[in-house]
Amino acid sequence: MNKRILIVDDSFYMRTMLKNMLTDAGYEVVGEAANGVQAVEMAESTKPDLITLDVILPDNTGLDVLKSLREKVPGSKVVMCSAVGQEVIVTEAIDNGALAYIIKPFSEEKVLEIVNSALQG
Amino acid sequence: MKSREDEYREMFMDEALESYDAMSRHLSELERTPNNTPVLNELFRLMHNLKSSARAMGHDTIGEVAHQLESLFGLVRDGERQFASSLSAVVFSGLDTLGTMIRAVGTNAALPDAGSLLYNLERVIGGEEIELIAESETEEEVGKKLELSDLVYIPVRKLDKLLNLVGELVIDRDRILTLAEELDSPALRATARHLFRISDDLQYSVMDARLVGVGTLLNKFPRVVRDVAAAEGKEVELNMSGQDTQIDRNVLQVITDALLHLVRNAVSHGLCTPADRVATGKNPVGKLYLSALTEREDVLIEVRDDGRGINTEAVRRKAVERGLTTAAAAAGLSDQAVWAFLFEPGFSTAAQVTDISGRGVGLDVVKRALDSLGGQLRVASVLGAGTTFTLVLPTSIAVKGALLVELAGRAYAVALMHTDTVLALQPAQFTVVGGLFVAHVQGQAVPVVPLAQLLLEEGNEPLPLAVKENLQGTQHVLVVSYNNRRLGLLVDKFLRQQNIVVKPLSKPLDYIDLFGGVTLLGSGQVCLVLDVPALTRLFLARRP
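The following block contains the structure:
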């Protein structure tokens, strides 16, 4: 069965790009959330294998979302997505249970590599 | 069917333009409320997304501009920068460039060059204060901004021109008003009054358009103070107030260096090291206050420290050594009069004498900047407790409140800024000291000299000795002050107080420094504007 992934990013453009990459590689994208509230809701209802989580979201920071995800959907695997310059938040995210991070702009190769290893790890 | 590339580009365009509009809106909001955290977060997020998307699309220049702006918003959000005028100018120009670049992507046009923008952004992020001169803006750019934002950027020179034109208008208006009275035509008089109101409104509107918050300058100082304090091994707590006080942008520009100088001086010479402070029973952390407030027509900017204060006796000695005064005269000078020496050219550069607390360094430069504006520099100090420098600045440079006095049948104007008080004294109220009339004004002995002697009698020889018998009847004394020094001027009569538009004297008269300029009265009469600093200097040079 294909691994199921939830994408959380406030940019439609980014979500689409990531979705295309993941779908092309055979993953199933079970949902796209544009903010933290949606993210938690969707994670609870779809129980994805992996969540890609943008560090900067409109309603709260990715870090807060990460914490509620860990709380409400225990065992969820999360990789952070971040553009350069947000290393501090990313480090903190890793401390809070995120498995890895993908640096924007997304390179297909890198994305798949990280998603793959996160799903296996 | 569209290729995925085309689809991405369309999505990027849609999202980027939407972000751009949102950011423009937020920026305007931020300008009104510079510390609005939700807005800053939102700007940061939108810029962050734009950066990521642009880079993903391979638009590295857009990505780079967005990256720098994102960093800048981050700094502002984290309180390391203030969203003040110099910074906002760069941010606005950055956002505009982003808009142009995004639209260029949509039309497959060449992206504009962002080299100078990126350079400016890097400097601002690095902590430099830069002044964006709007001169490079073309008409086209200004027009385009109109449809994008409800803010218009106008080069200061255009505002200058507008203000000059209003000045001309006001002079003609006064002339027409006087003519209406002379011709005794009710219709003309009514029209003239209307013209008066409208032009008054116009004048204040133009002046208002030139006002900026003093904060745009003050907000540069936390960084300056931190840097100087760090370099000098001092601990300084900076307190600021009155950032919203409004002042003409050009006035602020002229005093930028002066204020920088005073603040640096206060930290490096006024305040002591933590150890010294503790030794004198003070808190190890020195306090520096920067405040601005409006007082009547003037804006007062105060730089106050709780440092060692000015050693008045050392300044007094130094003034005698430098031949600025005689030992006998120096001994009788008030503290205020002694401190005034600090502003003498020549006094300054050689004053790196530590026992004068190094206060003199370059204060004449500060003084000159203030003089050029028709402003005043005041100093007050208590040895061991601290020093306060007060910059008294005109709110606007074009129109001055002035007192009109009459001398030998002619009207002269004196800026209110330099006018302390006016007195009507009887001859008995004068004494003669050292060949000079002296009157007591608010408990202080003030030398009084007939203005006619300074103005109308040529030559550089000392003034004639004062003879009390020459004073007949009520004497009209205009007390002016300059450089902490008061001087009484005897005039024939006081005419009235009036706002005047000062025009500089044109060649070949412009070298006459006794006159700061000329103004036209409603009667059409030319009225010379007296330059109080120059009059004071002339008095000091010629006093008996």
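Chains as they are written, first to last, in this note's numbering: chain A, 1 to 121; chain B, 1001 to 1544.
Note that the Cβ used here is the ideal one computed from N, Cα and C, for glycine as well.
Q | Contact with chain B by Met-14 of chain A, beta-carbon distance below 8 Å | A | To locate residue 14 of chain A, count along the first sequence from 1; it is residue 14. Judged by the 8 Å Cβ criterion, Met-14 of chain A is in contact with chain B.
**Q.** Interface positions of the stretch 1056-1075 of chain B facing chain A (Cβ-Cβ less than 9 Å), listed along the chain
**A.** Here the close residues are Ala-1056, Met-1057, Gly-1058, Gly-1063, His-1067, Glu-1070, Ser-1071 and Gly-1074.
Q: Could you say which of B:Ser-1071, B:Gly-1516, B:Gln-1525 and B:Arg-1543 lies nearest to Gly-1375 of chain B if we only look at CA atoms?
A: On the second sequence, position 375 is the one that residue 1375 of chain B refers to. When each option's Cα is compared against that of Gly-1375 of chain B, the closest is B:Gly-1516.
(Q) I'd like to know if Val-1529 of chain B contacts chain A, where contact means its C-beta is closer than 8 Å to some C-beta of that chain. (A) Here residue 1529 of chain B refers to the residue found at position 529 when the second sequence is read from its first residue. The beta carbon of Val-1529 of chain B does not come within 8 Å of any beta carbon belonging to chain A, so the residue lies off that interface.
Q | For Phe-1389 of chain B, the three-state DSSP class (helix, strand or coil) | A | What you label residue 1389 of chain B is simply residue 389 of the second sequence in a count that begins at 1. Judged by DSSP in its simplified three-state form, Phe-1389 of chain B adopts strand.
(Q) I need the boundaries of the alpha helix (DSSP H) containing Asp-1335 of chain B, first residue and last residue. (A) Looking up residue 1335 of chain B in the second sequence gives position 335. For Asp-1335 of chain B, the uninterrupted alpha helix (DSSP H) segment begins and ends at 1335-1339.
Q | Within 7 Å of chain B by C-beta, residues of the stretch 93-117 of chain A in sequence order | A | Cβ contacts with chain B come from Lys-104, Pro-105 and Phe-106.
**Q.** Where Ala-25 of chain A sits in the DSSP three-state scheme
**A.** Position 25 of the first sequence, counted from the start, is the residue given in the question as residue 25 of chain A. In the three-state scheme derived from DSSP, where H, G and I count as helix and E and B as strand, Ala-25 of chain A is classed as coil.
Q. So who's on the other strand from Phe-1347 of chain B, going by DSSP bridges?
A. One-based indexing of the second sequence puts residue 1347 of chain B at position 347. Beta-bridge pairing links Phe-1347 of chain B to no other residue.
Q: Please list the partners that Ser-11 of chain A has in chain B, where partner means a Cβ-to-Cβ separation under 8 Å.
A: Locating residue 11 of chain A in the first sequence gives position 11, where the first residue counts as 1. Within chain B, the residues near Ser-11 of chain A are Glu-1015, Asn-1049, Ser-1052 and Ser-1053.
Q. Going along the stretch 1024-1046 of chain B in order, which residues come within less than 8 Å of chain A, judged by CB to CB distance?
A. Cβ contacts with chain A come from Glu-1042, Phe-1044 and Arg-1045.
Q: Kindly list, in the order they appear in chain A, the residues whose Cβ is closer than 7 Å to that of Phe-1012 of chain B.
A: For the purposes of this step, residue 1012 of chain B is taken as the residue at position 12 of the second sequence. By Cβ distance, chain A contributes Tyr-13.
Q: Give the residues of chain B in contact with Met-21 of chain A, contact being defined as C-beta atoms less than 8 Å apart.
A: Taking the first sequence and counting its residues from 1, the one referred to as residue 21 of chain A is at position 21. Correct list: empty, because the minimum Cβ distance to chain B is about 11 Å.
Q. How is the beta strand (DSSP E) around Gly-1516 of chain B delimited, first residue to last?
A. Within the second sequence, the letter at position 516 stands for residue 1516 of chain B. First-last of the beta strand (DSSP E) with Gly-1516 of chain B: 1515-1520.
Q.
Let's see if you can read the secondary structure: which residues bound the beta strand (DSSP E) around Ile-51 of chain A?
A. Numbered from its first residue, the first sequence carries residue 51 of chain A at position 51. Unbroken beta strand (DSSP E) run through Ile-51 of chain A: 50-54.
Q) With a cut-off of 8 Å, does the C-beta of Arg-1304 of chain B fall near any C-beta of chain A? A) Residue 1304 of chain B sits at position 304 when you count from the first residue of the second sequence. By this cut-off, Arg-1304 of chain B is not an interface position.
Q: Output yes or no for whether 8 Å exceeds the beta carbon distance between Leu-1040 of chain B and Arg-1077 of chain B.
A: By 1-based counting over the second sequence, the position of residue 1040 of chain B is 40. By 1-based counting over the second sequence, the position of residue 1077 of chain B is 77. Cβ atoms of Leu-1040 of chain B and Arg-1077 of chain B: closer than 8 Å.
Q: Take the Cβ of Gly-1126 of chain B as the centre, count every other Cβ of all protein chains shown within 10 Å, and call the residue buried at 16 or more, exposed below.
A: If you number the second sequence from 1, residue 1126 of chain B lands on position 126. By the neighbour-count rule (16 or more Cβ atoms within 10 Å), Gly-1126 of chain B is not buried but exposed.
(Q) Can you list, in chain order, the residues of its chain with a C-beta nearer than 6 Å to that of Ala-25 of chain A? Leave out the 5 residues immediately preceding and following it. (A) Here residue 25 of chain A is taken as the residue at index 25 of the first sequence, counted from 1. Leu-112.
Q. So Leu-1098 of chain B and Ile-1062 of chain B are in contact, right, with Cβ under 8 Å, and what is the actual spacing, rounded?
A. Counting from 1 along the second sequence, the entry for residue 1098 of chain B is found at position 98. Counting from 1 along the second sequence, the entry for residue 1062 of chain B is found at position 62. Indeed they touch by this definition, with Cβ atoms about 6 Å apart.
Q. Is Tyr-1008 of chain B close to chain A, meaning its C-beta is less than 8 Å from at least one C-beta of that chain?
A. For this step, residue 1008 of chain B is matched to residue 8 along the second sequence. Yes, Tyr-1008 of chain B lies at the interface with chain A (some Cβ there is under 8 Å from its Cβ).
**Q.** Nearest-angstrom beta carbon gap, Pro-1544 of chain B and Gly-1459 of chain B [assumed within contact, 8 Å]
**A.** In the second sequence, counting from the first residue as 1, residue 1459 of chain B sits at position 459. In the second sequence, counting from the first residue as 1, residue 1544 of chain B sits at position 544. In fact, because the Cβ distance is near 13 Å, the residues do not count as touching under 8 Å.
Q. Lys-110 of chain A by DSSP, collapsed to three states: which one?
A. Here residue 110 of chain A corresponds to residue number 110 of the first sequence, with the count starting at 1. Here Lys-110 of chain A carries a helix assignment [DSSP, helix/strand/coil].
**Q.** Residue-level contact to chain A via CB, Arg-1081 of chain B, 8 Å cutoff
**A.** Numbered from its first residue, the second sequence carries residue 1081 of chain B at position 81. It does not; no Cβ of chain A falls within 8 Å.
Q. What residues from chain A crowd round Arg-1077 of chain B, counting only those whose CB sits closer than 7 Å?
A. Position 77 of the second sequence, counted from the first residue, corresponds to residue 1077 of chain B. What Arg-1077 of chain B touches in chain A: nothing, since even the nearest Cβ is about 12 Å away.
Q) From which residue to which residue does the alpha helix (DSSP H) around Ser-1268 of chain B run? A) Residue numbering aside, residue 1268 of chain B sits at position 268 when the second sequence is read from its first letter. That residue, Ser-1268 of chain B, is in no alpha helix (DSSP H); it is neither H nor E in DSSP.
Q. Is Ala-93 of chain A helix, strand or coil by DSSP?
A. Taking the first residue of the first sequence as 1, we reach residue 93 of chain A at position 93. Note: Ala-93 of chain A maps to helix in three-state DSSP.
Q) How many Å lie between Ile-94 of chain A and Arg-1368 of chain B at the Cα? A) Indexing the first sequence from 1 puts residue 94 of chain A at position 94. Indexing the second sequence from 1 puts residue 1368 of chain B at position 368. Spanning the two alpha carbons is a distance of roughly 59 Å.
Q) Looking at the structure shown, is Thr-61 of chain A part of a helix, part of a strand, or coil, going by DSSP? A) Your numbering for residue 61 of chain A matches position 61 in the first sequence. For Thr-61 of chain A, the three-state secondary structure derived from DSSP is strand.
Q. When you check each C-beta in the stretch 1370-1391 of chain B against every C-beta of chain A, which residues fall closer than 8 Å?
A. Those residues of the stretch 1370-1391 of chain B that come within reach of chain A (Cβ to Cβ, closer than 8 Å) do not exist; the list is empty.
**Q.** Touch test, the stretch 1281-1290 of chain B against the stretch 1258-1271 of chain B, Cβ-Cβ under 8 Å, three pairs minimum
**A.** Enough Cβ pairs lie closer than 8 Å, so yes.
Q: Determine the burial state of Thr-1138 of chain B: buried for a count of at least 16 other Cβ atoms within 10 Å of its Cβ, exposed for fewer.
A: Here residue 1138 of chain B refers to the residue found at position 138 of the second sequence. Here the model assigns Thr-1138 of chain B a pLDDT of 46, short of 50, so the residue's position is not dependable, and the following value carries that caveat. It is exposed - the Cβ of Thr-1138 of chain B has fewer than 16 other Cβ atoms within 10 Å.
Q) Using the beta-carbon count (16 or more within 10 Å), is Thr-61 of chain A buried or exposed? A) Counting from one through the first sequence, the residue named residue 61 of chain A turns up at place 61. Counting Cβ neighbours within 10 Å, Thr-61 of chain A comes out buried, since at least 16 surround it.
Q) Between the stretch 1197-1221 of chain B and chain A, which residues of the former have a C-beta closer than 9 Å to a C-beta of the latter? A) Answer set for the stretch 1197-1221 of chain B: empty.
Q: Check each candidate in B:Glu-1469, B:Gln-1442, B:Val-1480 and B:Asp-1306 and name the one with the smallest Cα separation from Ala-1415 of chain B.
A: What you label residue 1415 of chain B is simply residue 415 of the second sequence in a count that begins at 1. The candidate whose alpha carbon is nearest that of Ala-1415 of chain B is B:Val-1480.
Q) Using a Cβ-Cβ distance under 8 Å, would Arg-1368 of chain B count as near chain A? A) For the purposes of this step, residue 1368 of chain B is taken as residue 368 along the second sequence, with counting starting at 1. At least 8 Å separates the CB of Arg-1368 of chain B from every CB of chain A.
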